[in-house]
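These notes concern the structure reproduced below.
Numbering (the UniProt record's numbering), first residue to last: 1 to 806.
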């Protein structure tokens with residue numbers, strides 16, 4: 001039996017799916033048991049590790065950014081401890097403990113992405129708790145990024161509902177979850193019940209600075225507690241030189257021996273603490289004179305009598321002192337975020353701009369300068385890369401806890417920052433006591449009262465336990481107001497008098513903006529999250545006076561409706577997210593003609609009747625990134641798509657990135673897209689194209705395309721009439737996700753000279769086999785750079801066959 005199709009009504013279908021899900025989970029458990037035996041016997045483990053991992057390789061980037069030196073024996077023992085076949089089948093907790101800065105987080109990340117671990121555990125994930133955590137956000141992180149449960153509006157659920165969904169998502173799966181930075185026994189008690197014991201050797205890997213907490217959480221404290229040791233001298237040397245010199249030993253000239261002598265003194269004084277070593281190396285990597293090295297070494301040697309935490313903190317201070325003044329303020333700004341918080345790079349740079357921390361040079365734009373500042377902070381080992389996107393760009397970042405502690409201490413000493421933490425008492429009133437602080441960050445779940453005596457420039461992380469006096473919004477010097485976790489019943493109260501506001505993120509039920517929004521004539525970023533009682537009408541309608549807000553650079557909402565601008569132009573507008581297709585007119589596009597990134601979202605409320613609206617894109621000549629998303633409910637047999645195009649000249653000729661989601665276009669339109677001269681990134685998601693065959697008939701296409709994503713596309717055949725290396729001459733990376741019916745890709749990829757990586761996620765195993773053949777041809781031709789990564793490739797047919805055999 002190759003295929004089984006059953007026609008059911010909705011109730012029967014739900015029942016059948018529920019039963020089949022249970023069967024599938026049982027099949028997966030059996031599969032994992034077999035997989036474990038293969039690992040123990042060392043049979044083909046490397047290839048299988050790549051094929052069965054259910055975590056995207058993109059998450060490995062943070063490990064590459066933060067090199068792990070040493071601990072080879074410890075890593076080997078930990079992998080064996082987590083995967084060994086003997087012992088109890090019950091859920092077990094293993095604790096990794098040690099002082100701050102000793103490398104617990106980096107160590108556990110290398111374990112999580114070890115090839116043996118990938119082979120054994122169906123679900124692998126990571127959450128960071130720290131001392132001031134948000135339970136709801138931790139649960140949402142598990143659901144979105146780890147379990148990958150879709151189709152639910154988790155933002156509207158309470159903690160109990162989210163915890164139930166986490167349990168449901170993990171039930172029956174063999175999982176490994178890293179719970180990083182637990183501070184107390186109570187914290188572990190709060191979250192430990194999220195993780196079900198499925199009797200299939202699932203594991204929790206926990207890190208803590210406190211040995212007692214590690215012992216309390218570990219299933220077997222005698223065997224389940226790992227104490228992190230300092231690095232040896234050789235391990236410290238390798239880490240130091242990797243960070244301080246990299247591959248550029250030649251820049252030191254003939255005095256390399258002298259530099260190494262100074263380096264040895266620094267290495268010895270760092271006492272094997274990875275954080276100290278990387279921090280000092282980050283200082284020295286930009287210094288090319290020997291006397292500069294000797295000065296830093298002298299400062300480090302003065303710390304030898306301090307305890308480890310104080311040593312690390314003073315080395316961070318030394319790093320701070322060696323930063324340029326512009327970078328100092330940007331670094332201290334990390335303190336407004338909670339400890340261990342993963343930060344969106346786009347959001348971070350926009351906040352820097354709103355705070356006035358970015359200075360323009362020459363013809364560069366604010367965003368470009370901000371990106372360079374962040375890159376320099378990463379290069380100096382001050383900021384850590386958390387995740388990169390598919391195109392290699394940094395998406396999220398973070399700082400180490402000790403760096404965060406320094407930001408809080410230094411920020412408060414300079415009257416820049418005041419943090420209301422979890423130690424705040426109930427009904428804390430932020431009053432004139434803190435009126436010298438420029439930034440106020442609420443990092444407490446207690447009831448906080450903000451009154452009219454506040455003179456801060458910025459308010460961050462305001463939550464629903466924060467209350468405002470009637471006069472607080474009269475303060476006219478406020479620049480940043482972050483209300484994304486605080487329901488605002490009447491937005492006009494916020495927008496009435498805050499004329500200096502540059503950044504506003506607000507959670508509201510209002511979908512019709514009144515004229516008061518135009519009082520914010522300095523506003524640069526406006527983010528509106530609309531959650532009405534009934535989650536249907538989410539389009540936000542702006543008054544025509546919005547065209548007077550000439551400083552606006554970024555506008556975000558799930559749906560945006562704009563009136564005609566007349567002759568007005570928002571010349572600084574860079575990014576619009578959520579524009580309704582009904583607003584895609586020549587007049588409106590001419591009013592936002594400088595926009596570089598545009599997301600068009602089609603909703604039921606704003607359903608367009610004119611399918612030619614996309615032709616107006618030609619008026620956005622500076623547009624570089626375009627995303628078009630259509631609600632699934634709008635696609636019917638009578639109306640298979642809401643737009644069409646026949647010529648590449650209707651698209652902006654500078655377009656570099658195109659993303660289509662649920663647009664249900666015929667594949668013949670791909671010939672138009674292939675002619676875009678500057679297109680580098682193409683993402684096709686969930687039924688963006690309809691039909692089972694993509695056949696390229698033109699002689700050339702996609703001249704500059706570097707990255708291609710196909711995700712949840714109902715595609716059976718993909719071929720070209722000519723060599724694919726001619727059709728995709730610049731292609732470097734291909735990602736195919738959840739395209740279950742695709743068995744082959746164009747054979748011409750075997751001749752491509754620039755192709756570096758093909759990623760396959762939840763695809764048919766025959767596609768994996770075909771792509772491996774392409775890789776072998778590359779190797780035969782002497783091109784060994786093509787990497788094939790396949791994970792989660794077992795098909796439903798294979799699961800069904802295994803069950804029948806059993």
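Heads up, the beta-carbon is just placed ideally off N, CA and C, and yes, glycines get one too.
- Burial of residue 443 is indicated by the presence of at least 16 other C-beta atoms within 10 angstroms of its C-beta.
- Excluding sequence positions up to five before and after residue 621, its CB lies within less than 6 Å of the CB of 652, all in the same chain and listed in chain order.
- Under the three-state reduction of DSSP output, residue 780 falls in the helix class.
- Sequence-distant Cβ neighbours of residue 743 in its own chain, meaning closer than 8 Å and more than five residues away, are 716, 764, 766, 767, 770.
- Beta-carbon to beta-carbon, residue 95 and residue 217 are separated by about 6 Å, close enough to satisfy the 8 Å threshold.
- The continuous stretches of alpha helix (DSSP H) do not include residue 123, which lies in the beta strand (DSSP E) extending over residues 123-128.
- At a Cβ-Cβ threshold of 9 Å, residue 303 and residue 101 do not count as neighbours.
- Closest in C-alpha terms to residue 713, from the list 319, 215, 186, 739, comes 739.
- Counting the other Cβ atoms within 10 Å of the Cβ of residue 350 gives 16 or more, which makes it buried.
- Per the Cβ contact rule, the segment 545-562 is in contact with the segment 505-524 (3 or more Cβ pairs under 8 Å).
- Under the three-state reduction of DSSP output, residue 502 falls in the coil class, being neither helix nor strand.
- Residue range 175-180 is occupied by the beta strand (DSSP E) that includes residue 176.
- With contacts defined as CB atoms closer than 9 Å, residue 209 and residue 74 fail to qualify as a contacting pair.
- Secondary structure at residue 183: coil, using DSSP grouped into helix, strand and coil.
- In the DSSP assignment, the residues bridged to residue 397 are 343, 385.
- Taking residue 293 as reference, the option from 266, 670, 497 with the minimal CA-CA separation is 266.
- Going by DSSP, residue 707 is part of the beta strand (DSSP E) stretching over 707-711.
- When 222, 271, 325 are compared, the shortest CA-CA separation from residue 239 is found for 271.
- As for any beta strand (DSSP E) of minimum length 3 sitting wholly inside the segment 724-781, the runs are 733-737, 757-761, ordered along the chain.
- Counting C-beta pairs with one atom in each stretch, the segment 336-344 and the segment 121-132 have three or more that are closer than 8 Å, which means they touch.
- Contact annotation: the segment 138-145 touches the segment 156-176, with at least three C-beta pairs closer than 8 Å.
- Shortest Cα-Cα distance from residue 346 to any of 366, 359, 329, 360 involves 366.
- If you compare the alpha carbons of 490, 502, 109 with that of residue 459, the shortest gap goes to 502.
- A Cβ-Cβ distance of about 15 Å is found for the pair residue 707 and residue 727, leaving them out of contact under the 8 Å criterion.
- In the three-state scheme derived from DSSP, where H, G and I count as helix and E and B as strand, residue 193 is classed as coil.
- Out of 310, 78, 138, the CA that lies nearest to the CA of residue 226 is found in 78.
- Within the same chain, and ignoring the five residues on either side of residue 645 in sequence, the residues whose Cβ sits closer than 8 Å to its Cβ are 614, 615, 651, 669, 672.
- Taking 9 Å as the cut-off, the beta carbon of residue 655 is found closer than this to the beta carbon of residue 624.
- According to DSSP, residue pairing for residue 791 in a beta bridge involves 761.
- Ranking 648, 686, 409, 695 by CA distance to the CA of residue 679 puts 648 first.
- Inter-segment contact for the segment 177-184 and the segment 102-122 is present: three or more beta-carbon pairs are separated by less than 8 Å.
- Here residue 277 is buried. Its C-beta has 16 or more other C-beta atoms within 10 Å.
- Around the beta carbon of residue 784, fewer than 16 other beta carbons sit within 10 angstroms, so the residue counts as exposed.
- Under the DSSP assignment, residue 551 falls outside any beta strand (DSSP E); it carries neither an H nor an E label.
- Boundaries of the beta strand (DSSP E) around residue 92: 92-97.
- Fully contained in the segment 564-628 are the following alpha helix (DSSP H) runs of length 4 or more, in chain order: 586-591.
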